[in-house]
Each structure stands twice: as C-alpha cells, then as structure tokens.
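Inspection log for the structure reproduced underneath, given as structure tokens.
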C-alpha cells in the first residue's frame, strides 16, 4: 500500500501579459512529494514562486490569466488517485476543504468580514461533514475553537473577524481549515504577520494538530528557522524552480546549493 498523499511532476505555470497577450513562465519543472502524515516545507524568498506553485496544485489561480501544465498532479484519497488537473469546478469544490484545506497568510482578508466566525466554520460542516447533524454545528464549532487555543470559545464564536487579534484570527483560520477533516493542509506563510511569541504558539499548535490528525502538511515559508521544528522535509525554491530537497536536518547542516546557504545565513538559524 502506497503512503503518498500528493505527487507533483514537472509543474509549469505561466501568466498572461495583457499588453503583449503572451504567457510568461514563472514556475519551471516543479516536482514535489508529500507523504501521509509528513510535513514538507517549501522555502524561498518572496517572489520565488512558493505560493503560486501551491495555489496551482489546487487550481486556485485566476482562470484565463494563468496557464497550468504538469505531467502529474495526483492526490491520493482513501480509495482512489485523483488527478487534480482534470477535475471540474464542482469536483474541486468538494476536494477543497474536505480532502485539502488551505491556511492563508492574511486571515483578515481571507475571512468574511460581515459574518460571525462560528457561521464561517459551520459553512464548512454543511459542505463537507455529512456525518454531523445541523443541530450539532454550533457546539462542534465551539469545540474546534477550543482545540485551536481560543479559551473563550463560547463567547468568541459570535465575534466578527475585526473584533479579534491577529493571532486569534489565524487560529480561526486553522479551525476553519480543520473543520472538514482534511488529509492535506497547505499552510501559506501562516505566521508571517505575527510577532515572534504568537508565531511560536501557532507553530506549536500546528505541530500538535498534525500529530493528532496525522495530516500531511505543505508548509510555505521564507525562513528556514521557522520550519525547522515542524518539517520532515524541505524543498528550496529559487526563481520558480525547486533547486534542493532533503530531510530538514540534513539540509540545514549540509546545504548543497549556494542559494540554500544564503537562506541559512539570513535566517535565525545562523545565530543558533
């Protein structure tokens, strides 16, 4: 029995230049594997193509402006291999949230500003949790908020996003991502806008939840120090390409590519 969760082979992404009407390549020959229960960090500086690659995998790039090509983008569900390249919009909607969930970098823009956070969690239940009765949605939402570290969950479940702190909003985003019980979590720079103390708390929370749910995680970051404690494998991106992949500690102690060495020297690891 295979232990793969996601395999990506030779992914290429191009964006349309509206002036010239030509496509400009931004991602080249991207290869990646995530196994069940494994945390893979995708690391690189801003503009290296990390987020574009991740959004391309689940077809979240703007239609008509992005061209996505690949030899394979396969997600391994319980009883089948799903080719994410060929799914319809309706099929992708079912996959996102239930099989694959995303935590975005800026929760304030990702959350609905005019809807209470409890209702936003309940929407995921309605779409992806056929095992739950509607009467149980509220209590389940409160339980999820407790699970992600929001102590006054019974009160906060009725809050709007702007009424919460940045760290609390990110915890809400994690709760929404977990609501469908996904097997793969894509975390796109989820701690970048937070101070160091809150950042450490969120990373510790993700680590605990990953162990509890046995999820695979694709964790996107620009800082190797951030991902060291969380990830099993690291893939380093530079100018739209994965230029080095290895076990986390091996890559940190024995980097091969000059760009990886520069990333290490720029991170807090050089002071550890």
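Residue numbers (this note's numbering): 11 to 282. By construction, the Cβ of each residue, glycine as well, lies at the ideal position given by its N, Cα and C atoms.
By the Cβ rule, the segment 185-198 counts as touching the segment 104-117, because three or more pairs are nearer than 8 Å.
According to the DSSP assignment, residue 50 belongs to the beta strand (DSSP E) that extends over 49-53. A distance of 8 Å or more separates the beta carbons of residue 264 and residue 53. Rounded to whole angstroms, residue 245 and residue 156 show a C-alpha spacing of 33 Å. The segment 73-112 contains, as complete beta strand (DSSP E) runs of 3+ residues, the segments 76-79, 82-86 and 91-93 (chain order). Residue 61: not part of any beta strand (DSSP E); member of the alpha helix (DSSP H) spanning 60-67, first to last residue. Leaving aside the five residues that flank residue 124 on each side, the residues in its chain whose CB is nearer than 8 Å to its CB run, in chain order, 170. Annotation for residue 44: 15, 16, 50, 194, 226 and 228 place their beta carbon closer than 7 Å to its own, counting only its chain and skipping 5 residues before and after. Taking all protein chains shown into account, residue 75 has fewer than 16 neighbouring C-beta atoms within 10 Å of its C-beta and is therefore exposed. Per DSSP, the beta-bridge partners of residue 231 are 53. Boundaries of the beta strand (DSSP E) harbouring residue 19: 14-27, taken from the DSSP string. For the pair residue 107 and residue 131, the Cα-to-Cα distance works out to about 11 Å.
The secondary-structure analysis by DSSP pairs residue 243 across a beta bridge with 50 and 257.
For residue 193, the secondary structure class from DSSP, reduced to helix, strand or coil, is coil. Annotated three-state conformation of residue 274 is helix, per DSSP.
Residue 93 and residue 254 have their C-alpha atoms roughly 25 Å apart. Taking 8 Å as the cut-off, the Cβ atoms of residue 182 and residue 41 do not count as close. Between residue 142 and residue 150 the beta-carbon gap is near 6 Å, inside 8 Å, which marks them as a contact.
If only uninterrupted alpha helix (DSSP H) runs of at least 4 residues are considered, those enclosed by the segment 127-172 are 127-138, 147-157 and 163-166.
Check the Cα spacing between residue 60 and each of 23, 118, 238 and 105: the tightest is with 23.
Residue nearest to residue 199 within the set 30, 56 and 21 is 56 (criterion: CA-CA distance).
Assignment of residue 218 by DSSP, reduced to helix, strand and coil, places it in the helix class. With contacts defined as CB atoms closer than 8 Å, residue 78 and residue 71 qualify as a contacting pair.
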